[in-house]
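Asker:
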Amino acid sequence: MEHVDGARPMTDPPAERSTSSAIRAVELVKTFGDLRAVDGVSVDLAPGRIYGLLGPNGSGKTTLIRLLMGLARATSGRAEVLGVAMPSRPILARIGYMTQADGVYPALTVGENARFFAATYGVRDPAAVEDALRIVELADRSSSITATLSGGQRRRLSLACALVHRPPILFLDEPTVGVDPLLRVEFWSHFRELADGGTTIVVSSHVMDEADRCDELLFVRSGKVIAEGTGAELRERAGTTDLEQAFLRFAGETARTGSDGAESDASGPAPTGSGG
Ligand code: ADP
Ligand code: MG
-6 MEHVDGARPM TDPPAERSTS SAIRAVELVK TFGDLRAVDG VSVDLAPGRI
44 YGLLGPNGSG KTTLIRLLMG LARATSGRAE VLGVAMPSRP ILARIGYMTQ
94 ADGVYPALTV GENARFFAAT YGVRDPAAVE DALRIVELAD RSSSITATLS
144 GGQRRRLSLA CALVHRPPIL FLDEPTVGVD PLLRVEFWSH FRELADGGTT
194 IVVSSHVMDE ADRCDELLFV RSGKVIAEGT GAELRERAGT TDLEQAFLRF
244 AGETARTGSD GAESDASGPA PTGSGG
């Protein structure tokens, strides 16, 4: 082999790394028996943005989040966070996860819950705990028993516990379900501040009313991402100003052109109901 003077021999770049994306999935599949809960999802999410995972109950949002985090093993395909193949314990420590149900301990105080979650991530700095509680405006409730909090306060504590290790990646699974309108606005302003600071946020919802607070939307139905883009792009592509209508249009298109042909209805995101 001949080398041009001064030129380095060609080497293949590392095949599986894409340092510019915060979260990447390639043909992710998760089956439960005959059910394809996640059915071939490929995404490439740039850092510092808020991504809305929108779809009806049972469409596969929670399962997709768990696959991306490496908490569930994919049947096939792969997930990468910060350029590293998941599951990865060191990367898991750089992810915050707010589950659909509050994952905090009712018998502990607010402060104890936050310190417990900090400790599980190896964070010993008391300032980190104080910061997280201040962000959700619970600093003055640090010694309250969690069981005595209102539903909204418990939700805020769950968010604080997901943030306490200052993760660059945040998965929020239906964080505003059952949250009053004022607190929703507060939550979204926290999410925006975090994203402005470089945090990549994936937030799921089964209702469309918060979609426009996201930078980009991923419409999910029957385990598939049926459309992806900004709210404006999706409205334009669907030819409607109503995102719910846009969802139905994409769902109908997928049902008609889908290779499996398994589904012909086009049920959109349920306007009500608890998360699945
Ligand atoms: P979403 O979060 O959008 O409501 P999920 O990811 O929770 O959807 O569920 C997607 C589908 O996978 C649903 O039909 C659900 O019943 C099914 N599912 C989820 N987890 C399991 C499991 N551990 N075992 C069997 N089926 C599951
Ligand atoms: Mg869910």
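Quick note on my numbering: the sequence shown kicks off at -6 and runs consecutively.
Backbone N, C-alpha and C define an ideal beta-carbon position, used for all residues, glycine too.
All values derive from a computational prediction rather than experimental measurement.
(1) Looking at residue 121: is its Cβ nearer than 9 angstroms to the Cβ of residue 111?
(2) From residue 65 to residue 43, what distance separates their C-alpha atoms?
(3) Please classify residue 176: is it buried, with 16 or more other beta-carbons within 10 angstroms of its beta-carbon, or exposed?
(4) When the Cα atoms are used, what is the spatial distance from residue 72 to residue 32?
(5) Is residue 93 close to the ligand MG? I mean its beta-carbon at under 8 angstroms from any heavy atom of the ligand.
(6) So, do the stretch 183 to 192 and the stretch 22 to 32 have three or more beta carbon pairs nearer to each other than 8 angstroms?
(7) Using CA coordinates, which residue listed in 217, 173, 216 and 210 is at the minimum distance from residue 228?
(8) Is residue 193 close to the ligand MG? I mean its beta-carbon at under 8 angstroms from any heavy atom of the ligand.
(9) Along the chain, which unbroken stretches of the alpha helix (DSSP H) at least 4 residues long are found entirely within the stretch 105 to 142?
(10) I need the straight-line Cα distance from residue 220 to residue 68, nearest angstrom please.
(11) Tell me the DSSP secondary structure of residue 102 in three-state form.
(12) Could you check whether the stretch 135 to 148 touches the stretch 76 to 84, counting it as contact only if at least three pairs of C-beta atoms, one from each stretch, sit closer than 8 angstroms?
(13) Alpha carbon to alpha carbon, how far is residue 62 from residue 114?
(14) Examine the ligand ADP and report whether any of its heavy atoms sits within less than 8 angstroms of the Cβ of residue 25.
(15) Taking the CB atoms as reference points, tell me whether residue 196 and residue 48 lie closer together than 9 angstroms.
(16) List the whole-angstrom C-beta distance separating residue 51 from residue 21, where the pair is believed to meet the contact cut-off of C-beta under 8 angstroms.
(17) Is residue 141 near the ligand MG, going by C-beta to nearest heavy atom under 8 angstroms?
(18) Any chance the CB of residue 81 is under 8 angstroms from a heavy atom of the ligand GDP?
(19) Whose C-beta lies closer than 8 angstroms to the C-beta of residue 224 among residues of the same chain, with five residues either side of it excluded?
Answerer: A quick look at the data gives this:
(1) yes
(2) 23 angstroms
(3) buried
(4) 14 angstroms
(5) yes
(6) no
(7) 210
(8) no
(9) 119 to 128
(10) 23 angstroms
(11) strand
(12) no
(13) 15 angstroms
(14) yes
(15) no
(16) Between residue 21 and residue 51 the Cβ distance is about 17 angstroms, and since that is not below 8 angstroms, they are no contact.
(17) no
(18) Inclusion of the ligand GDP in the displayed structure is not the case, the ligand content consisting of the ligand ADP and the ligand MG alone.
(19) 204, 205, 207, 210 and 236
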